[in-house]
Amino acid sequence: MATIDVVEFEIGGENYAFDIHLAREIVEMIPITPIPGAPPYIAGIINLRGEITNVIRINELLSLTEGKKVEDQKIIVLVSNGNEGSGIGIIVDEVHSVNAVSEDDVEQLGDTISSGIDGFIKGGIIKVRGCR
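Each residue of the sequence shown is one higher than the one before, starting from 1 at the first, in our numbering.
Structural data, given as C-alpha cells:
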C-alpha cells in the first residue's frame, strides 16, 4: 500500500494537508509588503533571504476565517518548480506535523467543488482513522 507524506496545518480551526514535497520551508510571520490593487487573497510580498516571495491568504480562497492574530501565524513557502518567477507562500494559523497517509485514505472530490477554487485543489479529503 503506497503512502504520501503530508504536512498538516490549520486555518480557522480546520485542519488541512498537502504533499510535503510541495513545501520548501515554514517560516514565522515576517512583515509583508502589500501590493496596491491586488485581490484580497494576495497578502503581498516578502523578501526571504533575497528572494521575492508572493504571499497568499489561503483562507480568503477557501472562504475561511483567520483563527490567530497575524503575528502568531506562519508562512508555508512552496517549492517554486523552476517557474522562473518569484516563490509563493501561504499564510496558515498553525503547522502541526508531517504524517504518512495511505493513498487509499484520500477520497477524491470529483465535481463536488464549484466555488471557483477547484483549479487550486488536487486530491481530496483524507479519511482519518481513530482519534488523536
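A virtual CB, placed ideally from N, CA and C, is assigned to each residue, including glycine.
8 Å Cβ cutoff met for Leu78 and Gly67: Cβ distance not < 8 Å, so Leu78 and Gly67 don't count as in contact.
Reduced DSSP category for Val79 - H, G, I as helix; E, B as strand; rest coil: Coil, per DSSP.
The stretch 11 to 24 touching the stretch 90 to 104, judged by at least three CB pairs closer than 8 Å: Taking 8 Å as the limit for Cβ pairs, the verdict is that the stretch 90 to 104 does touch the stretch 11 to 24.
Alpha-carbon to alpha-carbon, Val106 and Thr53: If I take the Cα positions, the gap works out to 30 Å.
Lys74 classed as buried or exposed, judged by whether at least 16 other C-beta atoms fall within 10 angstroms: Burial call: buried.
Supposed close pair Ile32, Ile20 - CB separation, criterion 8 Å: Actually they are not in contact, since the Cβ atoms of Ile32 and Ile20 sit about 24 Å apart, beyond 8 Å.
DSSP-derived helix/strand/coil call for Asp72: Note: Asp72 maps to helix in three-state DSSP.
Element boundaries [beta strand (DSSP E), containing Glu10]: Where Glu10 is concerned, the enclosing beta strand (DSSP E) stretches over 3 to 11.
Heavy atom of the ligand ZN within 7 Å of Ile45 beta-carbon: The ligand ZN is absent from the structure shown, which contains no ligands of any kind.
Assigned exposure category for Gly37 - 16 Cβ within 10 Å defines buried: Exposed.
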